[in-house]
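Colleague: These protein sequence lines map, in sequence, to chains A and B.
So the first sequence is numbered by my numbering: it starts at 194 and just counts up by one.
So the second sequence is numbered by my numbering: it starts at 4 and just counts up by one.
First, the structure itself, so that you have it in front of you.
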Amino acid sequence: MPSSTSSSSSSRPTAGIHGVNWLRVSLTAIVLLAAIYGLMEFATRRFLVRSSKILSRIEADRRAVMSPRQGKPLVVLAGNSLLLFGVDMDLLRREVGSEYDIRRYAVEQTAFVDWKYGYRRLLKEGVKPDVFLLMLATRPLVGDEFRRDQFAYYQLSTEDYLPFVSDLRLHPTDATGQLLSHYSNFYANRSDVRKFILAKLVPNMANLTTRLAPVGGQLDPARVLSVSKERLRWFEQETRKDGVKFALILPPTRVDGYTEPVLEASKTAGAATLFPIAGASFPPGEFLDAHHLTEKGAKRFTESLAPALKTELDQWRAGRQKAGLRIH
Amino acid sequence: MLFDTPVFLLFLTLVVAAYWRLRHHQQNRMLLAVSYLFYGWWDYRFLALILISTVVDFQCARLIARSDNPLHRRLLLALSVGLNVCFLGFFKYYDFFAESLAAGLGTLGIEVSVPLLKLILPPGISFYTFQELAYIVDVYYKRLEPSESLVDYALFITLFPHLIAGPIQRPSHLLPQVQRERTWDARQFHDGVMLILTGMFRKCVIADNCALIAEGAFSGKLGEPSIPVLLLGAYAFAWQIYGDFSGYSDIARGSAQLMGFHFMVNFRQPYLSRTLQDFWRRWHISLSTWLRDYLYISLGGNRHGEAKTYRNLLTTMVLGGLWHGANWTFVVWGTIHGGYLALERWVKGKSGNPDAVESHGLFSPGAWLQRIFIFHLVCVAWVFFRAESIQKALTMLGGIGRWEWRPEYMIAFVFLCVFTLPLFVLDLLLESTGEEYPFERHQPVVAVAYAASMILAVLLLSGNQINAFIYFQF
C-alpha cells in the first residue's frame, strides 16, 4: 500500500494505456457535462409540467390568471397550499357573485417573499388585476423563507433580481445560484426531478419526507407585529401605485396563528385584512393537519369568507364609483 | 464559495483557462490573487488575519534559517507558533473555554460572569494554521529551506483548492511544487476532471442525501431514540461525513491537479479498516499524519515505554478531537478513539507485536467480521461527533435499550441503502484495484462512460439543500 503521505503522482503506477489523447478525453467529459445538462434542460421544459400534477396545476392557475379579462373586475386570489386546500373556489364565486371575476393562483410552499416579487412579475407579464388578495398564514407572512430555485424561475422577474438579492442580503454563492435558477428550468426544478426519481426508487418516500419536513419554532409576537406592519404597508403602497386594491386573508389554523398582532399591524399599515373565522371554531376532524383543511373544513371556511369578501369588494367598488373611477 | 455550486465551477474554469496561458511566476501571482478572492468570497473580514499570520511566519522562518543563535531561533519559533496558536485559540476556543470555566466554577459554588464574544470562526483557520505550524517547525529543525519569496510562501498557504478544508499539505510536499514550474500534462488534467466528478458524486449524491436521515434521527423527527433510530442516525451520519469530506478532498485534489499540483491523498476507503489503527491510516490522512509527526512523536511517541505511549496516544487523540470543534462532544470523540487505540495496542501487545500492520484480505469472512466490528466502534464515536451535547449523545446511545418500530423506519433504511451502497461498492472497487478513482486504468471509452454516469447522478439525485461541507466549520 502506498505511503500515507503520498501524493497522487508519486505513488501511482502509470496507466499503461498508451497513445491516448487524454486532453481529448477530458474535453469529451466536459462537453458531455454540457450536453447532458442541455438534454435535461430540454426535457424539463418539454415534459416536466406534463408529468407533474403539482406543476401542471400551478401552470393551469397561471394561465387562468393571464387569460383575457371578462369585462368585470378581475380579482386575483394568491397563496400557497392553505389556499388550495382551504377555499372552495366554485362556492366562493357563487357566494360572492358573478359581478366579480375571481381567479385563483395557488403555488405550494410560497410565502411573502414569493408573492412580493410574484405580484410584480404578474404585472410585468401583462396581468392587471383590479383586486389582489393574498392568503397567507402568519408564519409565511413574517418569515424569510421562499420557494428557492423555483421562485427564481417562476416568480422573479429579471429586473427584480438585484433588488431581491439586496432585499434578502443573499450571500454571493446563493445569489449566483438563484441567477442560474432564473434562467434554467432544469436547475430551478431539479429538486422536483429528484423527488420524482426517489419516489420510483424508494416506495412510500413521501411518508418519510413528511416526517422530516422542517418545523417552525415559536414566533415573537412583537416581531410578528413589526414585520407584518412593514410588509402589509409595502403591499398596500405597491398595489395602490398600480391602482390595485389589496387585502390579506388570514386562514384558520389549529395551532396558535399569532393572528392578533397581524390584525393590529394591518390597522396601522392601512391594509385590509380578512379573518372571517378562527381555527378554534372548527372541529379537529376538519383539519388534515395543523394548518390544512379537509373538504368539509374548506366549505365552512369558504362560507365564512364569502360574505366578508363580498362586503370588502362591494365597498371598494362603491368607493371607486363615488370617486368617478373606472371599476375595471 | 462551495465546491458543489455553479459559481465555483465557473470560477475554476476561468482560473484554469487563464492559468495555462501564463508563465510560472505570473501563474503564482495570479493564483495568489484568485485564492484571496476565493477566501474573501467566504468572508472578506478575515483576509487581514490570514495576511498577518502569513507575513509573520514568512519572516520568522527566514530569520530562523539565517540565525545560528539557539535562543534567537527558539524565540522566533515561539513567536510564530504563539501567534498562530493565539489566533486559532482566540477565534475558535475563547467562548468555549469561557463558558466551560464559568460552568466549572459554578459547580464549585463560585458564580462568575465571564463575557462571551460570540466570535465568528474565520474560514479554514484550523487548516491553514496547521500548515503554518508544520512549515515553521520544519524550518526550525532544518528539514526544510525557507521560502525566499513571499508570493510563493503565501501561495503555499492559501492555494484555494485546499484553503478552506484541506487536505493539510506538508511544506516539503507542496512548497517545492509552488516554487518550480508546472508543466502541462494531459493525463493529469484528465485525472483531475475525474476526481472532481467523483468528488461531486460523493458529496452531492451520497452525503447530502444521507444528511436527511441523520438530521431526522438526531433532531428527534424520526421519534425518540430507539434501536432503529440509533442505527439510522449513526449509519446515516457515518456515510454522510465520509461522503462529504472525501468528496471535498477529491474535488480539492482534482482542482489542484488541473493546474499541475498534486495534493496528498486524504482518504483510503476507511470503512474497510480491520483495526482502529488501520482506520486512522485511512481517515483524514493529512490530519492524522500531521498529528503523528508534529504531536505524537514530539511527545515521545512509543519510544519511552508502554505507559508513556498510551499517554501520548490519548493526548494526541484528545487534542485531535478538540481541533475539530469547540465542544466537549469532540473531546469525547477524540478520547474514545484514543481509548480504542490504546486498548487495541494493549491487546496486540499481549498477543505479539503491538506495532504489527494487518495484512489485507478483502474477501475473507474473518476480515469482514472485523470490518463490521470496527465500523460499529467508529459509529459509536460518531454519535458524539454529531450530537449537539454529551447529554444528547448519551440519550441517543441509550436508545439501544428501547425498541420501537414505525413504517417510516423501513423507508428510511431503504433510502439509506440506495445512497450508501454505491459508495460502498465504489470503495470495494478502489480497494481491490488500488486506483484513485474508478476505472482510472481503463480505456478512454470506459472513462467517458463513468464520467457520464457521475454527471447524471449529480444532476438528478443531488440533495436539494445547500449543505456546506461539514469540515468547513472546523
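Note that the Cβ used here is the ideal one computed from N, Cα and C, for glycine as well.
#1: Let me confirm a value: Ala81(B) is counted as buried when at least 16 other C-beta atoms fall within 10 Å, else exposed. Which label applies?
#2: Is it a yes or a no for the region 476-486 of chain A touching the region 360-367 of chain A, going by three-plus beta-carbon pairs under 8 Å?
#3: Quick one: give me the first and last residue of the alpha helix (DSSP H) that Ala440(A) is part of.
#4: Given that a residue counts as buried once 16 or more other Cβ atoms are within 10 Å of its Cβ, and exposed if not, what is Ser196(A)?
#5: If we ignore side chains and look at the alpha-carbon of each, how far apart do Phe416(B) and Gln172(B) end up?
#6: Along chain B, which residues have their Cβ under 9 Å away from the Cβ of Tyr230(A)?
#7: Can you grab the Cα-Cα spacing for the pair Thr237(A) / Phe379(A), in whole Å?
#8: By the three-class DSSP mapping on this structure, what secondary structure does Thr446(A) have?
#9: Of all the CB atoms in chain A, is at least one closer than 9 Å to the CB of Thr8(B)?
#10: Give the range of the beta strand (DSSP E) segment to which Asp294(A) is assigned.
#11: If contacts are defined as beta-carbon pairs under 8 Å, then Leu5(B) and Phe11(B) qualify, I think. What distance do you get, rounded to the angstrom?
#12: Mark Trp406(B) as exposed unless 16 or more other C-beta atoms lie within 10 angstroms of its C-beta, in which case mark it buried.
#13: Going by Cα to Cα distance, which pick from Leu66(B), Asn87(B) and Ala68(B) is closest to Ser56(B)?
#14: How would you call Tyr47(B), buried or exposed, if buried means at least 16 neighbouring beta carbons within 10 angstroms?
#15: Kindly indicate which residue of Leu233(B), Val196(B), Arg285(B) and Tyr245(B) has the alpha-carbon position closest to the one of Met457(B).
#16: Three or more C-beta pairs under 8 Å: does that hold for the region 230-241 of chain B against the region 373-385 of chain B?
#17: CB-CB under 6 Å to Tyr440(B), same chain, minus the five flanking residues each way: which ones, in chain order?
#18: Tell me, which residues are paired with Ala465(A) by DSSP?
#19: Kindly list, in the order they appear in chain A, the residues whose Cβ is closer than 8 Å to that of Ser465(B).
#20: Along the chain, where does the beta strand (DSSP E) that runs through Leu326(A) open and close?
#21: Measure the alpha-carbon distance for Leu327(A) versus Leu322(B) and round it to whole angstroms.
#22: Is the separation between the beta-carbon of Leu124(B) and that of Val115(B) shorter than 9 Å?
#23: Whole angstroms is fine: what's the gap from Leu248(A)'s alpha carbon to Arg387(A)'s?
#24: Got a sec: which bits of the region 219-242 of chain B sit with their beta carbon under 8 Å from any beta carbon on chain A, in order along the chain?
#25: Taking the CB atoms as reference points, tell me whether Gly342(B) and Val334(B) lie closer together than 9 Å.
#26: Does any residue of chain B bring its CB to less than 9 Å from the CB of Phe240(A)?
#27: Using the Cβ count rule (16 or more neighbours within 10 Å means buried), how would you classify Pro454(A)?
#28: Using only CA atoms, which one of His28(B), Leu177(B), Arg69(B) and Trp45(B) lies nearest to Tyr144(B)?
#29: Contact check, Leu498(A) vs Val306(A) under 8 Å by CB: the rounded distance?
#30: Chain A beta carbons: is any one of them nearer than 9 Å to that of Ile469(B)?
#31: Between the C-alpha atoms of Val59(B) and Ser276(B), what's the straight-line distance to the nearest angstrom?
#32: So if DSSP puts Phe480(A) in a beta bridge, which residue, or which two residues, is it bridged to?
#33: Taking the straight line between their C-alpha atoms, what separation do you get for Thr312(B) and Gly107(B)?
#34: Give me whichever residues DSSP pairs with Val268(A) in a beta bridge.
#35: Taking Cβ positions, are Tyr293(A) and Val324(A) nearer each other than 9 Å?
#36: Cα separation between Asn382(A) and Ser374(A)?
Modeller: If we stick to the structure as given:
#1: Position 78 of the second sequence, counted from the first residue, corresponds to residue 81(B). Label assigned to Ala81(B): exposed.
#2: no
#3: In the first sequence, the residue the question calls residue 440(A) occupies position 247. Not the alpha helix (DSSP H): Ala440(A) falls in the beta strand (DSSP E), residues Lys438 to Ile442.
#4: Looking up residue 196(A) in the first sequence gives position 3. With a pLDDT of only 36 at Ser196(A), under 50, the local geometry of the prediction cannot be trusted, and the value read off the model is given with reservation. Under this definition Ser196(A) is an exposed residue.
#5: As a working mapping, residue 416(B) is identified with position 413 in the second sequence. As a working mapping, residue 172(B) is identified with position 169 in the second sequence. Each residue's Cα considered, the two are about 38 Å apart.
#6: Within the first sequence, residue 230(A) is the residue found at index 37, counting from 1. Residues of chain B passing the Cβ test: Ile458 and Leu462.
#7: Here residue 237(A) is taken as the residue at index 44 of the first sequence, counted from 1. Here residue 379(A) is taken as the residue at index 186 of the first sequence, counted from 1. Answer to the nearest angstrom: the Cα atoms are 6 Å apart.
#8: Here residue 446(A) corresponds to residue number 253 of the first sequence, with the count starting at 1. Residue state, collapsed to three classes: coil.
#9: For the purposes of this step, residue 8(B) is taken as the residue at position 5 of the second sequence. Interface residue, yes.
#10: One-based indexing of the first sequence puts residue 294(A) at position 101. That run of the beta strand (DSSP E) goes Asp294 to Ala299.
#11: For the purposes of this step, residue 5(B) is taken as residue 2 along the second sequence, with counting starting at 1. For the purposes of this step, residue 11(B) is taken as residue 8 along the second sequence, with counting starting at 1. Indeed they touch by this definition, with Cβ atoms about 6 Å apart.
#12: Mapped onto the second sequence, residue 406(B) falls at position 403. Counting Cβ neighbours within 10 Å, Trp406(B) comes out exposed, since fewer than 16 surround it.
#13: Within the second sequence, numbered from 1, the residue matching residue 56(B) stands at position 53. Here the closest residue by C-alpha is Asn87(B).
#14: The sequence position of residue 47(B) within the second sequence is 44, counting from 1. Exposed is the call here.
#15: Position 454 of the second sequence, counting from 1, holds the residue named residue 457(B). Answer by Cα proximity: Val196(B).
#16: yes
#17: The count along the second sequence starts at 1 and reaches residue 440(B) at position 437. Cβ neighbours of Tyr440(B) beyond the five flanking positions: Met197, Leu198 and Thr201.
#18: Taking the first residue of the first sequence as position 1, residue 465(A) is located at position 272. Note: Ala465(A) sits in a beta bridge opposite Ala440(A).
#19: The residue labelled residue 465(B) in the question sits at position 462 within the second sequence. Within chain A, the residues near Ser465(B) are Arg383 and Arg387.
#20: Position 133 of the first sequence, counted from the start, is the residue given in the question as residue 326(A). From DSSP, the beta strand (DSSP E) with Leu326(A) extends over Val324 to Met328.
#21: Here the question's residue 327(A) lines up with position 134 in the first sequence. Here the question's residue 322(B) lines up with position 319 in the second sequence. Their backbone Cα atoms lie some 55 Å apart in a straight line.
#22: Counted from its first residue, the second sequence places residue 124(B) at position 121. Counted from its first residue, the second sequence places residue 115(B) at position 112. Contact flag unset, no.
#23: Sequence index remark: in the first sequence, residue 248(A) carries index 55 (1-based). Sequence index remark: in the first sequence, residue 387(A) carries index 194 (1-based). Rounded to whole angstroms, Leu248(A) to Arg387(A) spans 14 Å at the Cα level.
#24: Gly219, Lys224 and Leu225
#25: Working through the second sequence from its first residue, we reach residue 342(B) at position 339. Working through the second sequence from its first residue, we reach residue 334(B) at position 331. No, the pair does not count as a contact, with Cβ atoms beyond the cut-off.
#26: The residue given as residue 240(A) occupies position 47 in the first sequence. Judged by the 9 Å Cβ criterion, Phe240(A) is not in contact with chain B.
#27: If you number the first sequence from 1, residue 454(A) lands on position 261. Answer is buried; the Cβ neighbour count reaches 16.
#28: What you label residue 144(B) is simply residue 141 of the second sequence in a count that begins at 1. Tyr144(B) has its Cα closest to that of Arg69(B), out of His28(B), Leu177(B), Arg69(B) and Trp45(B).
#29: The residue labelled residue 498(A) in the question sits at position 305 within the first sequence. The residue labelled residue 306(A) in the question sits at position 113 within the first sequence. With 8 Å as the limit, Leu498(A) and Val306(A) do not qualify as a contact, their Cβ atoms being about 25 Å apart.
#30: As a position in the second sequence, residue 469(B) is number 466, starting the count at 1. Unreliable positioning characterises Ile469(B) in this predicted model, as indicated by a pLDDT of 49, which lies under 50. The coordinate reading is nonetheless provided below. By this cut-off, Ile469(B) is an interface position.
#31: As a position in the second sequence, residue 59(B) is number 56, starting the count at 1. As a position in the second sequence, residue 276(B) is number 273, starting the count at 1. Cα-Cα distance, rounded: 41 Å.
#32: Counting from 1 along the first sequence, the entry for residue 480(A) is found at position 287. Bridge partners of Phe480(A): Leu486(A).
#33: Sequence index remark: in the second sequence, residue 312(B) carries index 309 (1-based). Sequence index remark: in the second sequence, residue 107(B) carries index 104 (1-based). So the two alpha carbons sit approximately 30 Å from each other.
#34: For this step, residue 268(A) is matched to residue 75 along the first sequence. DSSP output for Val268(A) lists Ile295(A) and Val324(A) as bridge partner(s).
#35: Locating residue 293(A) in the first sequence gives position 100, counting from the first residue. Locating residue 324(A) in the first sequence gives position 131, counting from the first residue. Against a cut-off of 9 Å, the Cβ pair of Val324(A) and Tyr293(A) comes out as a contact.
#36: Along the first sequence, read from residue 1 onward, the residue named residue 382(A) stands at position 189. Along the first sequence, read from residue 1 onward, the residue named residue 374(A) stands at position 181. Computed Cα separation, rounded: 8 Å.
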